């Protein structure tokens, strides 16, 4: 589970441990000692909780029930998808971690990576007037169908890496992109666009050029941490 944490966090943790070993506590500033100890406690608690959580996800199933697994999950594939911490009915069965768009005057290329937790439809960038071509998933051709006037593909459970092209006479004013997306890498005529203008049209969409009057987009993030405290002697 250590691989989930950044190199910076690990280096800082190791340096703090080394500082406690090499430097007597009596020579350390009281406030510094409290801050270092607090940081070390938080990191070790998260590592411990992540390890125990990973172990708890391995659900035991008796051999007598294994033949019934497919029957129980029939039309309930979403049960295998992660859900919100406060709402087990709101499940997320797909996660698009990265989308790269390289747009030029007459031809464009896209690459989309992510994971599907249960087989389902995944939206592709583009629309009926801007249809993707030569779409592959891990170098395997895909059948593209129109769903709600947008291109989509049906993917099995597991990770995916989808690539494709766009052919057109003129670069369109706007391009639809999937809403549940992590990172966007946008290049327009060889120039990286660091702050594209997003405009919500139905459920998803963005404009490749930013308006001069646009003042930016404010985002609010909430980060939840669960700490499990136990006595070593218990």
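In my numbering, the protein residues as written are 1149 to 1382.
All residues carry an ideal CB built from backbone N, CA and C; glycine is no exception.
Keep in mind the model is a prediction, meaning the values are calculated, not measured.
Need the endpoints of the beta strand (DSSP E) that residue 1259 sits in, please. It spans 1255-1264 - the beta strand (DSSP E) in which residue 1259 sits, taken as one unbroken run.
Contact test: residue 1217 Cβ vs the ligand HEM heavy atom, cutoff 8 Å: No copy of the ligand HEM occurs in the structure displayed, which carries no ligand at all.
Reducing DSSP to helix, strand and coil, say where residue 1220 ends up. Helix at residue 1220.
Within 9 Å, strictly: CB atoms of residue 1221 and residue 1325: No; because the gap between Cβ atoms is not below 9 Å, this pair is not in contact.
By how many angstroms is the C-alpha of residue 1343 removed from the C-alpha of residue 1335? C-alpha of residue 1335 to C-alpha of residue 1343: approximately 11 Å in a straight line.
What does DSSP give as the partner residue(s) for residue 1310 in the beta ladder? According to DSSP, which records beta bridges pairwise, residue 1310 is partnered with 1260, 1285.
If contacts are defined as beta-carbon pairs under 8 Å, then residue 1294 and residue 1276 qualify, I think. What distance do you get, rounded to the angstrom? That pair is a contact at about 6 Å.
With DSSP run on the structure shown, which of helix, strand or coil describes residue 1210? Residue state for residue 1210 is assigned as coil, using DSSP reduced to three classes.
In angstroms, rounded to a whole number, what distance separates the CA positions of residue 1283 and residue 1314? Distance between the alpha carbons of residue 1283 and residue 1314: 10 Å.
Count the other CB atoms within 10 Å of the CB of residue 1260; is the residue buried (16 or more) or exposed (fewer)? Burial of residue 1260 is indicated by the presence of at least 16 other C-beta atoms within 10 angstroms of its C-beta.
One or two residues paired with residue 1298 in a DSSP bridge: Looking at the DSSP assignment, residue 1298 forms a beta bridge with 1295.
Take the Cβ of residue 1286 as the centre, count every other Cβ of all protein chains shown within 10 Å, and call the residue buried at 16 or more, exposed below. Counting Cβ neighbours within 10 Å, residue 1286 comes out exposed, since fewer than 16 surround it.
How about the segment 1210-1219 and the segment 1261-1280: do they share at least three Cβ pairs that are nearer than 8 Å? No, they do not touch.
Spatially closest choice to residue 1305 from 1338, 1232, 1262, 1219, by CA coordinates: Taking only the C-alpha atoms, the option nearest residue 1305 is 1262.
Cβ-based neighbour list, residue 1241, same chain, cut-off 6 Å, excluding 5 preceding and 5 following: Non-local beta-carbon contacts of residue 1241 in its own chain, meaning distances under 6 Å to residues more than five positions away in sequence, involve 1226, 1229, 1265, 1266, 1268 in chain order.
Sequence ranges, beta strand (DSSP E) only - wholly within the segment 1312-1348, length at least 3: For the segment 1312-1348, whole beta strand (DSSP E) runs of length 3 or above, ordered along the chain, are 1329-1336, 1339-1341.
How far does the beta strand (DSSP E) with residue 1234 in it extend, from its first residue to its last? Per DSSP, residue 1234 belongs to no beta strand (DSSP E) and is neither H nor E.
Whose C-beta lies closer than 8 Å to the C-beta of residue 1317 among residues of the same chain, with five residues either side of it excluded? Residues of the same chain with a CB within less than 8 Å of the CB of residue 1317, apart from the 5 flanking positions on each side, are 1254 in chain order.
Distance, residue 1281 Cα to residue 1373 Cα: So the two alpha carbons sit approximately 43 Å from each other.
Alpha-carbon to alpha-carbon, residue 1237 and residue 1209: Going from the Cα of residue 1209 to the Cα of residue 1237 covers about 23 Å.
Using the beta-carbon count (16 or more within 10 Å), is residue 1258 buried or exposed? So residue 1258 ends up on the buried side.
Taking the alpha-carbon positions, what's the residue 1247 to residue 1235 distance? In this structure, the straight-line span from the alpha carbon of residue 1247 to that of residue 1235 is close to 28 Å.
Quick one, are the C-beta atoms of residue 1307 and residue 1279 less than 9 Å apart? In this structure, residue 1279 does not lie closer than 9 Å to residue 1307 by Cβ.
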